[in-house]
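*Asks:* In order, the protein sequence lines correspond to chains A and B.
Sequential numbering of the first sequence, starting at -15, is according to this note's numbering.
Sequential numbering of the second sequence, starting at 7, is according to this note's numbering.
Below is one structure. I have some questions about it.
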Amino acid sequence: MVPRATFMHELDILNEEITEMANASKKAIEKAVQMIAENDLTLKDEVRQLDRHIYEMNERIDNHCLDIIALHSPVASDLRMISTCLKMVEDLNRFGRYARDIVELMDDFEEGKAFKRFESLRTMACLVVGLVDDAVYSFLQRDAEKASHLHERDDAVDSLYDTIFREVLTYMMEDPRKITVGIDLILVARYMERVADHACNIGEYVYHMVTGERLDPTKRTGHVEPVVACKLFDHPSPRTELDEK
Amino acid sequence: MTTAIHAEDLNVYFDKNHALKGVTMDINKNEVTAVIGPSGCGKSTFIRCINRMNDLITNCTVNGKVMVDGTDINDDDVDVVDVRRRIGMVFQKPNPFPKSIYENVAYAPRLHGIVETVDGKVKRRKHTKQELDAIVERSLRRAALWEEVKDRLDKGGMTLSGGQQQRLCIARTLSIDPEIILFDEPCSALDPIATSKIEDLLVDLKKDYTVVIVTHSMQQAARISDRTAFFYMGEMVEMGDTKQIFEKPARELTEQYITGRMG
């Protein structure tokens, strides 16, 4: 008989729940980005539904973690895993909210095509989806190495945000009629930049969960995974095999 | 931090059974040190070495050193009665004497008497009634029992509740002013309220004494101890700050035990 069988069963269920939530959050971001890229407004309802589902999962996992702490007194790696789940659900929930915020901005937006044309935003979306994908992957695979490099890739997202901000500002100054669409573009970029920050938070939690050490987010190793040609819009779900886990 | 007890290459055999295997560890003064591990891992055997309680077992052989204040307590010229006066022990099951509450506490001081130096000569004399009264009150207060029993000191110790009996046993240990107190699963027969009182008492006692506790409850070890030692199959696997042991143990075996995957 497995020692502490009930406790182990609860941990297995928790892992399944967080996997489901992580995949839903990842999908929400991907769909929102896909909507920008393809100006496909039919994806809006799907993102809204995903956001609702993510919110419900947040509450369910939060309650489940508290139950496990109260009933099973976890310690060491088990405690770190539960603490990670408790914090991670907040970030995953934010993925859902930002995905929804992005698609709401596209609502009734005649000039949505401007998003599609805006190449910097596409590149940023590609980076952000990659970060989210790897943050979720690092949790599912307990990959501290991958988790430790997310901050370095976030630097690229941050500088892209600055670039987009300056670029859009120039357009708006040149033609005041572009202010509305310009502000929306900046907001979308801002939401994506925040999504990348939340992905980095997950990386920090995962690193602590796996190693027991705290990751210093200010440290940079200089190791940045090269951004390969972005095939995001051809393959909206870059790591679909995780959906099955 | 000053070392109160230093065990070095401590081996215990019960006939051919090697119960404790080369244990080397330090126990700090004025700290609570918890010893945890599965049944039969040698944790009780270890603390029984600290005040030579294993001497009472005929087929037991002890090798190695247990240094207290620079003296190996296993040396031939060491007075075992003095060792047990300096190193008190409280057991799993409360075991008050079948005497009054007062007599339970006064018994040991009365037996030991007072050692005084008069005119350059060491003399042992009996306590006066006032001195014994003072010791009884001080010990019962220190064991957080005085307020509950001060009006019925002449009543039998066995009439108290389990938790009170255990605190009476602690008061009895304190009455001869030990330096170190060993607790062998002192709360295993107590309810949560009585357990909580004993735990608070242990934390308070470390101000004046060195406390070593063997416990099966890992939560108890986590709650009250400063340092924790994990024993497994007669070996001391890991010792460290309690926080470190329960948050990030260095050894995989410790992790497996405290997370309940083994044991």
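Every residue, glycine too, gets a C-beta built ideally from N, C-alpha and C.
Identify every run of the beta strand (DSSP E) within the stretch 154 to 205 of chain B, keeping only runs that are complete inside it and at least 3 residues long; order them along the chain.
*Replies:* As far as the stretch 154 to 205 of chain B is concerned, its whole beta strand (DSSP E) runs of at least 3 residues are 186 to 190.
*Asks:* Just to confirm, is the Cβ distance from B/F189 to B/V217 under 8 Å?
*Replies:* Position 183 of the second sequence holds residue 189 of chain B. Position 211 of the second sequence holds residue 217 of chain B. For B/F189 and B/V217, yes; Cβs fall inside 8 Å.
*Asks:* CA-CA distance, B/M242 and A/F(-9)?
*Replies:* One-based indexing of the second sequence puts residue 242 of chain B at position 236. One-based indexing of the first sequence puts residue -9 of chain A at position 7. Going by the C-alpha atoms only, they are around 27 Å apart.
*Asks:* Given a limit of 8 Å on CB to CB distance, which residues of the stretch -4 to 26 of chain A reach chain B?
*Replies:* Of all residues in the stretch -4 to 26 of chain A, none has a Cβ within less than 8 Å of some Cβ in chain B.
*Asks:* Could you tell me if B/E205 is buried or exposed, where buried requires 16 or more neighbouring beta carbons within 10 angstroms of its beta carbon?
*Replies:* Within the second sequence, the letter at position 199 stands for residue 205 of chain B. Looking at its Cβ environment, which holds 16 or more other Cβ atoms inside 10 Å, B/E205 is buried.
*Asks:* Excluding the 5 residues flanking A/R(-12) on each side, which residues of the same chain have their C-beta closer than 7 Å to its C-beta?
*Replies:* Residue -12 of chain A sits at position 4 when you count from the first residue of the first sequence. For A/R(-12), where only same-chain residues beyond five positions count, there are no Cβ hits under 7 Å.
*Asks:* Are the CB atoms of B/I187 and B/L166 nearer to each other than 8 Å?
*Replies:* By 1-based counting over the second sequence, the position of residue 187 of chain B is 181. By 1-based counting over the second sequence, the position of residue 166 of chain B is 160. Not a contact, by the Cβ cut-off of 8 Å.
*Asks:* Taking the straight line between their C-alpha atoms, what separation do you get for B/I264 and B/M73?
*Replies:* Translated into the one-based positions of the second sequence, residue 264 of chain B becomes position 258. Translated into the one-based positions of the second sequence, residue 73 of chain B becomes position 67. Distance between the alpha carbons of B/I264 and B/M73 is about 29 Å.
*Asks:* Work out the CA separation of B/K49 and B/N69 for me, nearest whole Å.
*Replies:* The residue labelled residue 69 of chain B in the question sits at position 63 within the second sequence. The residue labelled residue 49 of chain B in the question sits at position 43 within the second sequence. Cα to Cα, B/N69 sits roughly 16 Å from B/K49.
*Asks:* Taking three-plus beta-carbon pairs below 8 Å as touching, is the stretch 80 to 93 of chain B in contact with the stretch 53 to 62 of chain B?
*Replies:* At 8 Å Cβ cutoff, the stretches touch.
*Asks:* Could you work out which residue in A/H182, A/V165, A/L124 and A/V120 is closest to A/V141 when comparing CA atoms only?
*Replies:* As a first step, residue 141 of chain A is located in the first sequence; it is residue number 157 there, counting from the start. Checked all of A/H182, A/V165, A/L124 and A/V120; the closest Cα to A/V141 is A/H182.
*Asks:* Using 8 Å as the cut-off, can you tell me whether the stretch 96 to 103 of chain B makes contact with the stretch 142 to 154 of chain B, which would need three or more C-beta pairs spanning the two stretches below that distance?
*Replies:* No, because fewer than three Cβ pairs between the stretch 96 to 103 of chain B and the stretch 142 to 154 of chain B fall closer than 8 Å, the two stretches do not touch.
*Asks:* Assuming B/V111 and B/A177 are in contact, meaning their beta carbons sit under 8 Å apart, how far apart are those beta carbons, in whole angstroms?
*Replies:* Start at 1 with the first residue of the second sequence, and residue 111 of chain B comes out as number 105. Start at 1 with the first residue of the second sequence, and residue 177 of chain B comes out as number 171. Between B/A177 and B/V111 the Cβ distance is about 5 Å, and since that is below 8 Å, they are a contact.
*Asks:* Any contact of the stretch 104 to 121 of chain A with the stretch 142 to 154 of chain A, i.e. 3+ C-beta pairs under 8 Å?
*Replies:* At 8 Å Cβ cutoff, the stretches touch.
*Asks:* Hey, quick one: how far does the alpha helix (DSSP H) through A/C110 stretch, first residue to last?
*Replies:* Position 126 of the first sequence, counting from 1, holds the residue named residue 110 of chain A. Counting along the chain, the alpha helix (DSSP H) containing A/C110 begins and ends at E103 to L124.
*Asks:* Can you name, in chain order, every residue of its own chain whose Cβ lies under 7 Å from the Cβ of A/E177, other than the five neighbours on each side?
*Replies:* The sequence position of residue 177 of chain A within the first sequence is 193, counting from 1. So the list reads V141, D142 and Y145, once near-sequence residues are dropped.
*Asks:* Under DSSP, the beta strand (DSSP E) around B/Y238 begins and ends at which residues?
*Replies:* Against the second sequence, residue 238 of chain B aligns to sequence position 232. Taken as a continuous stretch (DSSP letters only), the beta strand (DSSP E) holding B/Y238 covers R233 to Y238.
*Asks:* Find out if the Cβ-Cβ distance for the pair B/V122, B/K132 is shorter than 8 Å.
*Replies:* Walking along the second sequence from the start, residue 122 of chain B turns up at place 116. Walking along the second sequence from the start, residue 132 of chain B turns up at place 126. Reading off the sequence, residue 122 of chain B comes out as Glu, not Val. Not closer than 8 Å, so no.
*Asks:* Compute the distance between the beta-carbons of B/C66 and B/V18, then report whether it is under 8 Å.
*Replies:* Counting from 1 along the second sequence, the entry for residue 66 of chain B is found at position 60. Counting from 1 along the second sequence, the entry for residue 18 of chain B is found at position 12. Yes, Cβ-Cβ distance for B/C66 and B/V18 is below 8 Å.
*Asks:* Using a Cβ cut-off of 8 Å (strictly closer), state whether B/I230 contacts chain A.
*Replies:* Position 224 of the second sequence holds residue 230 of chain B. No, no contact with chain A.
*Asks:* Just to confirm, is the Cβ distance from A/I186 to A/D75 under 8 Å?
*Replies:* Residue mapping note: residue 186 of chain A aligns to position 202 of the first sequence, counting from 1. Residue mapping note: residue 75 of chain A aligns to position 91 of the first sequence, counting from 1. Yes, the Cβ-Cβ distance between A/I186 and A/D75 is below 8 Å.
*Asks:* Quick one: what does DSSP say B/E14 is sitting in, helix, strand or coil?
*Replies:* As a first step, residue 14 of chain B is located in the second sequence; it is residue number 8 there, counting from the start. Correct three-state label for B/E14: strand.
*Asks:* Determine whether the Cβ of A/A131 lies closer than 8 Å to any Cβ atom of chain B.
*Replies:* Residue mapping note: residue 131 of chain A aligns to position 147 of the first sequence, counting from 1. No - not a single Cβ of chain B is within 8 Å of the one on A/A131.
*Asks:* Write down every uninterrupted run of the beta strand (DSSP E) in the stretch 85 to 157 of chain B whose length is 3 residues or greater and which is fully enclosed by it, in chain order.
*Replies:* The stretch 85 to 157 of chain B contains these whole beta strand (DSSP E) runs: 93 to 96, 120 to 124 and 127 to 131.
*Asks:* Thinking C-alpha only, which one of B/D214, B/R54 and B/R158 is nearest B/E191?
*Replies:* Within the second sequence, the letter at position 185 stands for residue 191 of chain B. Nearest of B/D214, B/R54 and B/R158 to B/E191, Cα basis: B/R54.
*Asks:* Evaluate the contact criterion for the stretch 126 to 135 of chain A versus the stretch 188 to 196 of chain A: three or more CB pairs, one atom per stretch, below 8 Å.
*Replies:* Yes: at least three Cβ pairs fall under 8 Å.
*Asks:* Find the residues of chain B that neighbour A/A60, judging by a C-beta separation of less than 7 Å, and give them in chain order.
*Replies:* Residue numbering aside, residue 60 of chain A sits at position 76 when the first sequence is read from its first letter. Going along chain B in sequence order, the residues near A/A60 (Cβ under 7 Å) are F252, E253, K254, P255, E261, I264 and T265.
*Asks:* I want to see whether chain A comes within less than 8 Å of B/Q226, judged by CB atoms only; does it?
*Replies:* Working through the second sequence from its first residue, we reach residue 226 of chain B at position 220. No - not a single Cβ of chain A is within 8 Å of the one on B/Q226.
*Asks:* In its own chain, which residues sit with a C-beta less than 7 Å from the C-beta of A/T224, not counting the 5 before and 5 after it?
*Replies:* Along the first sequence, one-based indexing puts residue 224 of chain A at 240. Confidence in A/T224 is poor, its pLDDT being 33 and thus under 50, which makes the residue's placement unreliable; the coordinate value appears in the next sentence. Cβ within range, chain order: n/a, list empty.
*Asks:* Report the option in B/F52, B/A195, B/I107 and B/M239 whose CA atom is closest to the CA atom of B/D157.
*Replies:* Your numbering for residue 157 of chain B matches position 151 in the second sequence. Taking only the C-alpha atoms, the option nearest B/D157 is B/I107.
*Asks:* In chain B, which residues lie with their C-beta within 7 Å of the C-beta of A/F(-9)?
*Replies:* The sequence position of residue -9 of chain A within the first sequence is 7, counting from 1. The contacting residues are G266.
*Asks:* According to DSSP, is A/I25 part of a helix, a strand, or is it coil?
*Replies:* Residue 25 of chain A sits at position 41 when you count from the first residue of the first sequence. The displayed chain sequence assigns Leu, not Ile, to residue 25 of chain A. DSSP places A/L25 in coil when its eight states are reduced to three.
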